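Chemist:
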Amino acid sequence: MLETLTVHCISDAFEEHLIPRVRHAHLRTLELHINKDFLVAGAWQSVQLPNLTHLQAQGINKATFCDVAKQRFDEVKAMLSYSQCVLERVQLLGDMDPDSDIVASLFRIRVRSESNSRFIGDHSYNLTTTESPSS
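Going by the working numbering, the sequence shown opens with residue 6, and the numbers climb by one from there.
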């Protein structure tokens, strides 16, 4: 069974087709490369990954993280909420400020309190608050 999936881009050819509902109970790791090609609206709205425990998102850079990319990232977060998965490890890789709204907004999804989560530039993030990164 597939346990790890890496997504580099979602083709805009999907915009012309209805994406079927997908529920994958065995997927535990999702690695996303968020860039200008990761911009198809609604690609995650029909996906449910209830046993997902690890999320890695690369390419979250100030210079390229436009409003459209942020909207697609918000769709990924909505999918995580819909999936009701509990993440044990979250990695956001890029040059975003760890105090940014994007980082803080991830904690609106369920993250196991004893998780091993790292954020941009290897800054740890205090899971009990979204006000500041821990030392």
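The beta carbon of each residue, even a glycine, is placed where N, CA and C say it ideally should be. Note that the coordinates shown come from a computational prediction; the quantities given were computed from them, not determined experimentally.
Would you kindly report the start and end of the unbroken beta strand (DSSP E) that includes Q96?
Modeler: First-last of the beta strand (DSSP E) with Q96: 94-99.
Chemist: Mind checking which residues open and close the alpha helix (DSSP H) that includes E80?
Modeler: E80 -> alpha helix (DSSP H) spans 72-88.
Chemist: Report yes if the CB atom of H38 is closer than 7 angstroms to the CB atom of H59, and no otherwise.
Modeler: No, these two residues do not count as a Cβ contact at 7 angstroms.
Chemist: Rank Q89, G47, V95 by C-alpha distance to the C-alpha of V73 and give the top, closest one.
Modeler: The shortest Cα separation from V73 among Q89, G47, V95 belongs to G47.
Chemist: Taking the alpha carbon of P55 as the point to measure from, which residue in H29, G99, T11 has its own alpha carbon closest?
Modeler: For P55, the nearest C-alpha among the options comes from H29.
Chemist: Report buried or exposed for L85, applying the criterion of at least 16 other Cβ atoms within 10 angstroms of its Cβ.
Modeler: Counting Cβ neighbours within 10 Å, L85 comes out buried, since at least 16 surround it.
Chemist: Sort T9, Q53, M6, L35 by Cα distance to Q89 and report the nearest one.
Modeler: Comparing Cα positions, the closest option is Q53.
Chemist: Should V95 be labelled buried (16 or more other beta-carbon atoms within 10 Å of its own) or exposed?
Modeler: With 16 or more other Cβ atoms within 10 Å, it is buried.
Chemist: Would you check if the distance between the CB atom of E80 and the CB atom of W49 is smaller than 7 angstroms?
Modeler: Yes. Within cutoff.
Chemist: Exposed or buried, which one is R26 when buried takes at least 16 other CB atoms within 10 Å?
Modeler: It counts as exposed.
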